[in-house]
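Q: To start, I am sharing the structure in question, which I have written as structure tokens.
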Amino acid sequence: DVKVTQSSRYLVKRTGEKVFLECVQDMDHENMFWYRQDPGLGLRLIYFSYDVKMKEKGDIPEGYSVSREKKERFSLILESASTNQTSMYLCASSSPDYNSPLHFGNGTRLTVT
Amino acid sequence: AQTVTQSQPEMSVQEAETVTLSCTYDTSENNYYLFWYKQPPSRQMILVIRQEAYKQQNATENRFSVNFQKAAKSFSLKISDSQLGDTAMYFCAFMRGGANNLFFGTGTRLTVIP
């Protein structure tokens, strides 16, 4: 089974802090994704990466950046956290075959105070 | 642009009964894939079922089946013999053919009542 691990289940940060959310997958998947989940809005794509050092903006990239230095690891960075970034963040990975299902981690619930 | 609409924010069903969750989508694409994901309280998103748009036959996975109406752009999920473990958020999602990322609906919270 694919395992996608997010390093923190809960995180509390202060406004203005730089925040790193880490995600690791163990299936040698090329594709990795960061989604944000909010009540009433579903999941929205922030960034995705289809290879090491490659990244593509999703639907809501503003205020976020990403890093993919190794194939198994995909980091989401909040350069200066704001209260409107309080949310659930979900990482996912998939094989390079088109239209493969995504495999998700357990999510990180981030609170920015 | 793709949109996915789930018009039922919450639903409930008695244990052992059948329930249908609705999903509609809007796209100009002819080649695409549709998914239902389940998110239990543990927060782990789990793939329930997948449907290729070019297949007329509705996908089935054990107690889970879909009613895919391509012309109506409708993709409902039927859960038969509901179990307490089916209590979860259910998300409908769209993937364009030849792509890798998903567009999600807003979700339906399903509660199975003992």
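Protein chains in written order, with our numbering: chain A, 423 to 535; chain B, -15 to 98.
Beta carbons are placed, not taken as given, at the ideal position from N, Cα and C, and that holds for glycine.
(1) So which residues on chain B does F470(A) lean against when the C-beta distance must stay under 8 Å?
(2) Does chain A have any CB closer than 7 Å to the CB of I(-5)(B)?
(3) Does the CB of G89(B) have a neighbour CB from chain A at under 7 Å?
(4) Counting only beta-carbon separations shorter than 7 Å, does Y38(B) have a partner in chain A?
(5) Pick from S516(A), F526(A) and S504(A): whose alpha carbon is nearest that of K435(A)?
(6) Check whether the region 10 to 19 of chain B touches the region 35 to 46 of chain B, taking contact to mean three or more Cβ pairs, one atom from each stretch, closer than 8 Å.
(7) With distances taken Cα to Cα, identify the nearest neighbour of T535(A) among L433(A), V426(A), S429(A) and T427(A).
(8) Quick check: the Cα distance between S(-9)(B) and F88(B), rounded to an integer number of angstroms?
(9) Of the residues L463(A), S515(A), D448(A) and M510(A), which one's Cα is nearest the Cα of F470(A)?
(10) For E444(A), which residues from the same chain have a beta carbon less than 6 Å from its beta carbon, with the 5 sequence-adjacent residues on both sides left out?
(11) Drop a sphere of 10 angstroms on the beta-carbon of G527(A), count the other beta-carbons inside from all chains shown, and report buried for 16 or more, exposed for fewer.
(12) Can you tell me which of R531(A), T530(A), P461(A) and P523(A) puts its alpha carbon nearest to the alpha carbon of V453(A)?
(13) What residues in the region 460 to 485 of chain A bring their beta carbon closer than 9 Å to a beta carbon of chain B?
(14) Measure the CB-CB distance between S60(B) and S6(B) and report whether it falls below 7 Å.
(15) Determine which residues share a DSSP beta bridge with I97(B) and list them.
(16) Do you know how far the Cα of E478(A) is from the Cα of N51(B)?
(17) Could you work out which residues of chain A lie near G69(B), taking near to mean beta carbons separated by less than 7 Å?
(18) List the DSSP bridge partners of V488(A).
(19) Using 7 Å as the limit for Cβ to Cβ distance, is L500(A) near chain B?
(20) Listing by chain order, which chain A residues have their CB less than 8 Å from the CB of Y74(B)?
(21) Which runs of the beta strand (DSSP E) fall wholly inside the region 14 to 81 of chain B and span at least 3 residues, in chain order?
(22) Any idea which residues DSSP pairs G464(A) with across the strands?
(23) Taking buried to mean at least 16 other C-beta atoms within 10 Å of its own C-beta, is R47(B) buried or exposed?
A: From the atom records:
(1) N84 and N85
(2) Note that residue -5(B) is Met in the sequence shown, not Ile. Answer no: the Cβ-Cβ gap between M(-5)(B) and chain A never drops below 7 Å.
(3) yes
(4) no
(5) S504(A)
(6) yes
(7) L433(A)
(8) 13 Å
(9) S515(A)
(10) S429 and S497
(11) Answer is buried; the Cβ neighbour count reaches 16.
(12) Note on identity: in this sequence residue 453(A) is Asn, with Val being the wrong assignment. Of the listed residues, the one whose Cα sits closest to N453(A) is P523(A).
(13) Those residues of the region 460 to 485 of chain A that come within reach of chain B (Cβ to Cβ, closer than 9 Å) are P461, G462, L463, G464, L465, R466, L467, F470, Y472, E478, G480 and D481.
(14) Yes, these two residues count as a Cβ contact at 7 Å.
(15) Q(-2)(B)
(16) 33 Å
(17) Chain A residues near G69(B): none, gap ~17 Å exceeds 7 Å.
(18) L498(A)
(19) no
(20) Under the 8 Å cutoff, chain A gives no residues; its nearest Cβ is about 11 Å from Y74(B).
(21) 16 to 23, 30 to 36, 48 to 53, 58 to 63 and 72 to 80
(22) D460(A)
(23) exposed
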